[in-house]
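This report concerns only the one structure given below.
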Amino acid sequence: MNAEEYQERQVELAGWPVNLASYRLGAEWHCKADNVSPGAALTRTTGATREEAEEKAVKRAEELLARTKRHTV
Amino acid sequence: MADYSHPETLVSTDWAASHATDPNVRVVEVDVDTKAYDEGHVPGAIAWAWNTQLCDTVRRDILSKEQFEELMSASGVSPETTLVIYGDNNNWFAAWALWQAKIYGHADVRLMNGGRKKWLAEGRELSTSVPSVQRTTYHAKAADLSLRAFLPQVQQASAARSSGLVDVRSPQEYTGEILAPPGLPETCQRGGHIPGARSIPWGKACNDDGTFKSADELRALYGGEGIDGSKPVIAYCRIGERSSHTWFVLKYLLGFDHVTNYDGSWTEWGNLVGANVEKGAAASAKG
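Chains as they are written, first to last, in the numbering used here: chain A, 1497 to 1569; chain B, 262 to 548.
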């Protein structure tokens, strides 16, 4: 087994840049969402298609990122 | 990798593919996301979980010598083993594991350059089998604490400006705009940075494919912020794993003599009663 069709792209979710890395392992698509800075993993999802895996990751990442409080400096 | 000060501390994905099952090599995956290994890993690799196997789970600390010896023994590692560590997030917790292995004197420990991300992107073989290992009896050396900074040293360094303090968190964590990486739980009472610290986010040391930038690029990155090895350097982040990545860069890729990782990091400093905190982008201390 190996990762096929590996792809990364950046999106903005809840005001934060997020990196989506997706690839196929066998028949299953995997997606990992990281916040770009610092690069911490937010969620890992799977789906029957790249779109489905990414959609699940985006949804969960948005939920987590929406909780981030910005403080006045 | 030849222009690094210690190129022997890195292996390429090619090298790992050829040597992962050599009898004297033990490849270990250490991820932020501890489920990643189960999805598929470098054939022959075992896994260590950063949150249960690479720290004391009762008090906040790194592994004791005895705990480190047990981990190595259970992993089939001897003092002569070449340990090759890799992981997700461009080797965040892989560097944390390497830092502890260096503290306990393991002679030959290396990072796989580019980590899990590069392995996946290159479409290399993945295994879901967990290899069986033959237990050893590992004897570690006494902890080399010259690689680790504790709070009193950091307080002294901040007050006297006697060391270069490198804050490797995101710019928003450095300024105090946010108290934790976006999407993660807040673990401190106050935001900002240690007075005198320079902001050099860890990720600036990496290329898009997860590998480390060239020695010239790294020298320019850190030198541009006054971190050139002319005085001791202390790296910190939130809990010490991102800063162990930067510690590795400064210590082994640039060859600075005196580099320590302050693993207490902002989770300690940002919860201290009465600690001086600097907010915003200014580098000058406020007392």
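Ideal Cβ placement from N, Cα and C applies to all residues, glycine included.
Chain B within 8 Å of residue i, Cβ atoms only
i	result
E1508 (chain A)	no
E1500 (chain A)	yes
V1569 (chain A)	yes
R1566 (chain A)	yes
Residues bridged to residue i (per DSSP)
i	result
C1527 (chain A)	A:S1518, A:T1541
Q1506 (chain A)	A:N1515
I307 (chain B)	B:V289
A1499 (chain A)	A:L1521
V510 (chain B)	The partner list for V510 (chain B) (beta bridge, DSSP) is empty, contrary to what the question assumes.
S460 (chain B)	B:D428
V345 (chain B)	B:V288, B:R371
Where residue i falls: helix, strand or coil (DSSP)
i	result
F549 (chain B)	Because chain B spans 262 through 548 in this model, residue 549 (chain B) falls outside it and cannot be assessed.
G548 (chain B)	The predicted position of G548 (chain B) is uncertain, since its pLDDT is 29 and thus under 50; a value taken from the coordinates is nonetheless stated next. DSSP places G548 (chain B) in coil when its eight states are reduced to three.
T528 (chain B)	helix
H519 (chain B)	coil
D264 (chain B)	coil
A481 (chain B)	helix
V1554 (chain A)	helix
Q433 (chain B)	helix
R409 (chain B)	strand
A382 (chain B)	helix
Residue from the options whose Cα sits closest to the Cα of residue i
i	options	result
Y1519 (chain A)	A:A1562, A:L1509, A:A1537, A:T1545	A:T1545
P462 (chain B)	B:R503, B:R480, B:P493	B:R503
A355 (chain B)	B:G501, B:V319, B:P392	B:G501
V510 (chain B)	B:D299, B:D405, B:G525, B:C467	B:C467
S393 (chain B)	B:T343, B:V289, B:S279, B:H454	B:V289
C-beta neighbour in chain A for residue i, strict 8 Å
i	result
P462 (chain B)	yes
E386 (chain B)	yes
G535 (chain B)	no
A277 (chain B)	no
**Request:** Please list the residues of the segment 291-314 of chain B that have a C-beta atom closer than 9 Å to any C-beta atom in chain A, keeping them in chain order.
**Result:** D292, V293, D294, K296, A297, E300, G301
**Request:** Anything in the segment 509-523 of chain B with a Cβ closer than 7 Å to a Cβ of chain A? List those residues in chain order, please.
**Result:** none
**Message:** Give me the subset of the segment 1522-1543 of chain A whose CB atoms are less than 8 Å from a CB atom of chain B, sorted by chain position.
**Reply:** H1526, K1528, D1530, N1531, S1533, P1534, G1535, A1536, A1537, L1538, R1540
**Item:** Members of the segment 427-443 of chain B that neighbour chain A once the beta carbon cut-off is set at 9 Å
**Value:** V429, R430, S431, P432, Q433, E434, T436, G437, E438, I439, L440, A441, P442, P443
**Request:** With 8 Å as the C-beta to C-beta threshold (strictly closer), list the residues of the segment 1546-1562 of chain A near chain B in chain order.
**Result:** A1557, L1560, L1561
**Request:** Name, going along the chain, the residues of the segment 361-395 of chain B whose beta-carbon falls closer than 9 Å to a beta-carbon of chain A.
**Result:** K378, W380, L381, A382, E383, G384, R385, E386, L387, S388, T389
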